[in-house]
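Peer 1:
In the working numbering, the protein residues as written are 98 to 234.
(1) Please return the same chain residues whose Cβ sits closer than 6 Å to the Cβ of residue 227, not counting the five positions on each side in sequence.
(2) DSSP on residue 177, reduced to helix/strand/coil?
(3) Of the residues 190, 147, 142, which one's Cα is nearest the Cα of residue 125?
(4) Which ranges does the beta strand (DSSP E) cover as unbroken runs of at least 3 residues, wholly within the segment 129-180, from first to last along the chain?
(5) If I follow the unbroken alpha helix (DSSP H) through residue 123, where does it start and stop?
(6) Which same chain residues, not among the five before or five after residue 207, have their C-beta less than 7 Å away from its C-beta?
(7) Among the candidates 233, 222, 229, whose CA atom is the shortest distance from the CA of residue 109?
(8) Taking all protein chains shown into account, do 16 or more other C-beta atoms lie within 10 angstroms of the C-beta of residue 104, making it buried, or fewer, making it exposed?
(9) Note down the Cα distance separating residue 179 from residue 161, rounded to an integer number of angstroms.
(10) So, under 8 Å CB-CB, residue 195 and residue 156 are touching, yes? Tell me the CB distance rounded to an integer number of Å.
(11) Relative to the alpha-carbon of residue 197, which residue among 205, 164, 190 has its alpha-carbon at the smallest distance?
(12) Could you tell me whether the Cβ of residue 157 comes closer than 7 Å to any Cβ of chain D?
(13) On the premise that residue 187 lies in contact with residue 143, defined as a C-beta separation below 8 Å, what is that separation, rounded to the nearest angstrom?
Given below as structure tokens:
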């Protein structure tokens, strides 16, 4: 793996999480392939950009109604080198933080995630994301 590839992937995640945290749900969902899958061990898998966007919008709307600002932090990123088909596998830890108006930030989720990313003309897209929430079966 090259430092350039690692940096590209880090930049992809920084942009992707900022889109979601800022409520840009359609743009965030567009970082998945058309048939992309968002799979968490605490919910049914979501398949396809439209389904992913609808679920994310519901969550964003709920947070706005509650007056909560949400932020994601990703770290401990591992990137497996690109194969001949432009596919990269990643693993990382992620925290979700919530801050109520006038309140202090609190961690609302601690997770381990694995992604399959594919090269796209504009950079990278998520083909498959599996998120495991800590403390769950």
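All residues carry an ideal CB built from backbone N, CA and C; glycine is no exception.
Peer 2: Short version:
(1) Excluding residues up to 5 positions away in sequence, 136, 211 lie with their Cβ nearer than 6 Å to the Cβ of residue 227 in the same chain.
(2) DSSP places residue 177 in strand when its eight states are reduced to three.
(3) Residue 147 is the option with its Cα nearest to residue 125.
(4) At a cut-off of 3 residues, the continuous stretches assigned as beta strand (DSSP E) that sit fully inside the segment 129-180 are 129-137, 165-177.
(5) Where residue 123 is concerned, the enclosing alpha helix (DSSP H) stretches over 122-126.
(6) Annotation for residue 207: 192, 231 place their beta carbon closer than 7 Å to its own, counting only its chain and skipping 5 residues before and after.
(7) From the listed residues 233, 222, 229, the smallest Cα separation to residue 109 is found for 222.
(8) It is exposed - the Cβ of residue 104 has fewer than 16 other Cβ atoms within 10 Å.
(9) Those two C-alpha atoms are separated by around 38 Å.
(10) Rounded, the Cβ-Cβ distance is 11 Å, inconsistent with contact.
(11) Checking every option, the nearest Cα to that of residue 197 belongs to 164.
(12) The structure shown contains no chain D; it holds only a single protein chain.
(13) In fact, because the Cβ distance is near 19 Å, the residues do not count as touching under 8 Å.
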